[in-house]
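Trainee: For the sequence shown, full-length UniProt numbering begins at 1 and goes up steadily by one.
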Amino acid sequence: MRILGIESSCDETGVAIYDTERGLLGHRLHSQVDLHAAYGGVVPELASRDHIRRLPVLLRELLEHTGLSLAGIDGIAYTAGPGLAGALLVGSSVAEALGVSLGIPALPVHHLEGHLLSPLLSATPPDFPFVALLVSGGHTQLMRVTGVGGYTLLGETVDDAAGEAFDKTAKLIGLGYPGGPALARLAQAGAPGRFKLPRPMLHSKDFDFSFSGLKTAVLTAVGTPGFCEADKADLAAEFQAAAVEVLVAKSMAALRHTGLKQLVVAGGVGANLALRSALDQAALRRKARVFYPELELCTDNGAMIAFAGALRFMAGERGADADGCFAVRPRWNLMDIAAPVGAG
Ligand code: ATP
Ligand code: MG
Ligand code: FE
């Protein structure tokens with residue numbers, strides 16, 4: 001089966017084709033970062049308009065790149081939520097319309113299921129069951145995963161998401177938007193420990209997180225008289241060390257609690273190299289293994305949506321009836337989605 005994936009939940013337009021026999025045949029991505037940078041954050045109306053402009057172009061490029069025509073596609077998977085309503089509607093309208101015109105099914109996919117399953121696209125994929133650490137711009141969750149749709153929440157952030165904390169801290173330090181990757185780069189030039197930031201909820205004995213206090217502590221440090229340009233790298237390094245320490249400790253506690261030996265990391269912050277190296281070392285001590293998506297598939301992309309959709313198509317799922325068309329779900333809890341029909 002050949003599945004076309006469409007992602008448009010926020011500020012990335014992504015398309016991909018996944019073949020259930022041959023794997024990922026190709027993907028195309030357009031980031032709207034430049035479009036929103038001047039505003040310091042994503043402007044929903046601009047995002048929707050840009051998805052409309054880009055989607056047909058990306059789709060044409062993808063077909064040229066893969067040498068396929070639309071007639072060679074057996075099904076379409078699109079992000080139906082969570083995300084910005086107007087942005088989601090662009091992807092869902094294109095997907096549903098294409099589905100009707102081609103006479104093939106269009107399947108709504110949960111964006112976080114896409115992130116979560118993306119490490120299965122890598123050369124050395126994990127097997128079910130595993131613990132998943134989902135660290136993205138909007139979510140920070142630890143889950144026990146028994147299969148597609150088999151998600152049990154162990155804990156999550158009670159306030160900001162990890163990626164959000166990276167972005168907000170970067171803004172406070174003056175690194176612009178979106179600051180996560182820039183903050184990580186600056187941290188490499190600094191040393192943790194000179195500034196002392198809290199490790200929120202490190203000893204809370206549950207699997208929950210809190211990142212908003214960390215951001216406030218950064219604000220206080222930046223506002224201290226004498227704080228200057230030369231201090232920024234050390235502050236960035238301390239922020240990253242604090243966030244990483246809590247994420248690693250809770251992930252290891254989740255492995256201990258579940259007795260599982262595999263940890264899957266997904267979402268944009270999973271691209272953070274300091275986090276990856278700290279998780280690898282901690283897992284090694286527990287004789288456990290950590291699995292990541294390819295670096296370029298950590299943040300939003302169409303490949304993860306094509307893949308998650310393909311797994312559901314393979315399990316027999318066929319999309320909504322006519323009433324379900326265009327029913328995007330801007331707010332949608334991953335724990336509320338079911339295993340595909342036919343799955344155990
Ligand atoms: P969600 O998936 O929860 O709806 P999202 O789609 O906006 O949110 P992602 O695309 O998964 O989130 O990830 C984007 C986030 O990842 C941003 O907050 C960004 O700053 C962060 N990020 C990307 N690269 C890095 C990095 N190297 N270090 C830290 N954070 C990073
Ligand atoms: Mg994004
Ligand atoms: Fe995302």
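Glycine residues also receive a C-beta, built at the ideal position from the N, C-alpha and C atoms.
Is it buried or exposed, Ala189, if we count other Cβ atoms within 10 angstroms and call 16 or more buried?
Mentor: exposed
Trainee: Please name the residue or residues paired with Ala266 in a DSSP beta bridge.
Mentor: Leu134
Trainee: Just grab the DSSP bridge partners of Ala106 for me.
Mentor: Ile76
Trainee: Is any non-hydrogen atom of ligand 2 found closer than 8 angstroms to the C-beta of Cys10, if you look at the structure I gave you?
Mentor: Yes, the Cβ of Cys10 comes within 8 angstroms of a heavy atom of ligand 2.
Trainee: Extract the residue ranges of the alpha helix (DSSP H) inside the stretch 249 to 304, only unbroken runs of 4 or more that lie entirely within it.
Mentor: The stretch 249 to 304 contains these whole alpha helix (DSSP H) runs: 273 to 285.
Trainee: Can you tell me which of the three DSSP states Asn333 falls into?
Mentor: coil
Trainee: Say yes only if the C-beta of Ser204 is nearer than 8 angstroms to one or more non-hydrogen atoms of ligand 1, and no if none qualify.
Mentor: no
Trainee: Please state the DSSP three-state secondary structure of residue 351.
Mentor: Past the boundaries of the shown model lies residue 351; the chain is included only from 1 to 344, so the question cannot be answered.
Trainee: In the DSSP assignment, find the unbroken beta strand (DSSP E) run with Glu12 in it and report its ends.
Mentor: 12 to 19
Trainee: I need the residues with a C-beta less than 6 angstroms from some heavy atom of ligand 3; please give them in chain order.
Mentor: His111, His115, Ser136, Asp300
Trainee: Secondary structure at His65, three-state DSSP: helix, strand or coil?
Mentor: helix
Trainee: Buried or exposed, going by whether 16 or more other CB atoms sit within 10 Å of the CB of Gln281?
Mentor: exposed
Trainee: Please check the pair Ser31 and Thr79, which I expect to be a contact at CB under 8 angstroms, by giving their CB distance rounded to whole angstroms.
Mentor: The Cβ separation is near 15 angstroms, so there is no contact.
Trainee: By DSSP, does Ser31 sit in helix, in strand, or in coil?
Mentor: strand
Trainee: Can you find at least 3 beta carbon pairs, one from the stretch 131 to 142 and one from the stretch 90 to 107, that sit closer than 8 angstroms?
Mentor: Verdict: no, contact absent.
Trainee: Please report the straight-line C-alpha distance between Ala47 and Ala315, rounded to a whole angstrom.
Mentor: 33 angstroms
Trainee: Rounded to the nearest angstrom, what separates Leu154 and Leu142 at their Cα positions?
Mentor: 5 angstroms
Trainee: Just the C-alpha distance for Gly226 and Ala271, rounded to the nearest angstrom, thanks.
Mentor: 33 angstroms
Trainee: So Asn301 packs on Glu7, CB below 8 angstroms; how close in whole Å?
Mentor: 6 angstroms
Trainee: Do the CB positions of Arg312 and Val148 come within less than 9 angstroms of each other?
Mentor: Yes, they are a contact pair.
Trainee: Please go through the same chain and pick out, in chain order, the residues whose beta-carbon is closer than 8 angstroms to the beta-carbon of Leu84, but skip the five residues on each side of it.
Mentor: Ser9, Cys10, Val42, Pro44, Ala47, Ser48, Pro330
Trainee: Comparing the CB of Pro178 with every heavy atom of ligand 2, is any distance shorter than 8 angstroms?
Mentor: yes
Trainee: Tell me whether Asp34 is buried or exposed, calling it buried when 16 or more other Cβ atoms sit within 10 Å of its Cβ.
Mentor: Only exposed fits Asp34, as fewer than 16 other CB atoms lie within 10 angstroms of its CB.
Trainee: For residue 348, which option in Leu98, Gln240, Ser204, Ala87 has the closest C-alpha, if you only look at C-alpha atoms?
Mentor: It is not possible to answer for residue 348, since the shown part of the chain is limited to 1 through 344.
Trainee: Would you report the Cα separation of Arg144 and Glu113, rounded to the nearest angstrom?
Mentor: 13 angstroms
Trainee: Quick check: the stretch 167 to 187 against the stretch 197 to 204, are at least 3 beta-carbon pairs closer than 8 angstroms?
Mentor: no
Trainee: For the stretch 166 to 247, which segments carrying the alpha helix (DSSP H) assignment without a break, of at least 4 residues, lie completely within its bounds, in sequence order?
Mentor: 180 to 188, 212 to 223
Trainee: Where do the N-terminal and C-terminal ends of the alpha helix (DSSP H) with Leu121 fall, by residue?
Mentor: Run containing Leu121: none; DSSP gives neither H nor E here.
Trainee: Shortest alpha-carbon distance to Pro125 belongs to which of Ala37, Ala266, Val328?
Mentor: Ala266
Trainee: If Arg2 sits next to Gly72, beta carbons under 8 angstroms apart, how far is it from one beta carbon to the other, in whole angstroms?
Mentor: 6 angstroms
Trainee: Going by the beta-carbon positions, is the gap between Ala278 and Leu260 smaller than 9 angstroms?
Mentor: For the 9 angstroms CB-CB criterion, Ala278 and Leu260 do not form a contact.
Trainee: Apply the 10 Å Cβ neighbour rule to Gly309 and answer buried if 16 or more other Cβ atoms are within range, or exposed otherwise.
Mentor: Gly309 sits buried, since 16 or more C-beta atoms from the chains shown fall within 10 Å of its C-beta.
Trainee: Which residues does DSSP pair with Gly150 in a beta bridge?
Mentor: Gly147
Trainee: Tell me, to the nearest whole angstrom, how far the beta carbon of Leu255 is from that of Arg286; I am working on the premise that it is less than 8 angstroms.
Mentor: 6 angstroms
Trainee: For Met304, count neighbouring Cβ atoms within 10 angstroms of its own Cβ and tell me buried if that reaches 16, exposed if not.
Mentor: Within 10 angstroms of the beta-carbon of Met304 lie 16 or more other beta-carbons, which makes it buried.
Trainee: Output needed for Gly344: all residues of its chain with C-beta closer than 6 angstroms, excluding positions within five of it in sequence on either side, in chain order.
Mentor: Below a pLDDT of 50, predicted positions are generally treated as unreliable, and Gly344, at 43, falls in that range; no measurement from the model is reported.
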